[in-house]
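First the structure, in the form of structure tokens, and then the observations on it.
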Amino acid sequence: MKSYTIEVTESQRLYGNTHILWLVEPGAFVSATPGQFVMAYCGEGWDPLLGRAISIHRRRVTPDGRREFALLFDLVGRGTDWLARRREGDAVRVVGPLGRGFEVRERVQKMLLVGGGIGNAPLIWLADDLVREGREVTLVLGGRGTPQIFPAHLLPPEVELVVATEDGSLGEPGRVTVPFQRLLSWCDQAFACGPDAMFEALYRVAADSGLRKPVQGLLEARMACGLGICYSCAVFPKRGGVRLVCHDGPMFDLRDLYG
Ligand code: FES
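And the structure:
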């Protein structure tokens, strides 16, 4: 993969504390798949030195034929604050696309997507692709409250949306594990992205169901290099060994981590 300094085409706060940045897509991104990420370098020169690992959120082709991709991120510190202040025409350096994305089986139809908080970001692109392929998509989005929930009107209309909020301000009260448990028998394949605690809870629901449904989780981890060099993203499966989120993932079958 290469480093690209690319132009911002659109920048806006999309909802709550969450910002979207659209960028001109380098030609090498044409073969990228949902679940892959970029390292975005959030500053001029070498300060800060390290990039931020951010999933590719969505892709589009403009009316004049230009390919663009989007990053969706919460404002949580100096780096993301810098990114959010980029405006049309500004430049951002990224390295990517990186990692192993979701692996969608052929000839299956019913797809269950589960996102917690900003974990919704890569699932939106996956939903776009699955709908385009004519598959049925149910998307479960969860968060502490309404400000953490991706706006429904920005989803493809074919997506069946289920919302769960911990404070009960939108959708059903509680966590995503409840609708996940309800919908697991319906789906052919399940995909998830969110915090570690959510993955462990989803794994437990799937294991207890006895349905043997594969659930692919897209792990979020602090990454210093994104290239399999520094080991800052190491995770330790229950069965032993070590895996690197940036290199072996970020997509893992939850059974390989928690089983
Ligand atoms: S981020 Fe450096 S090894 Fe994964």
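Counted from 1, the sequence shown has number 230 at position 209 by this note's numbering; the numbering is strictly sequential. Note that CB positions come from ideal geometry on N, CA and C, so glycine has one too.
Per DSSP, Gly100 is one residue of the alpha helix (DSSP H) stretching across 99-105. If you check the CB distance, Ser253 and Arg243 come in under 8 Å. Burial check for Leu93: the Cβ neighbour count within 10 Å reaches 16 or more, so the residue is buried. Annotated three-state conformation of Tyr279 is helix, per DSSP. The C-alpha of Val180 lies about 5 Å from the C-alpha of Val158. Annotated as proximal: Phe212 and Leu144, with beta-carbon spacing under 8 Å. Beta-bridge pairing by DSSP links Ser76 to Phe58. Looking at the DSSP output, His40 bridges to Arg34, Phe94. In this model, Gln210 and Glu65 are separated by some 42 Å (Cα to Cα). In the displayed model, Arg203 falls within a helix according to three-state DSSP.
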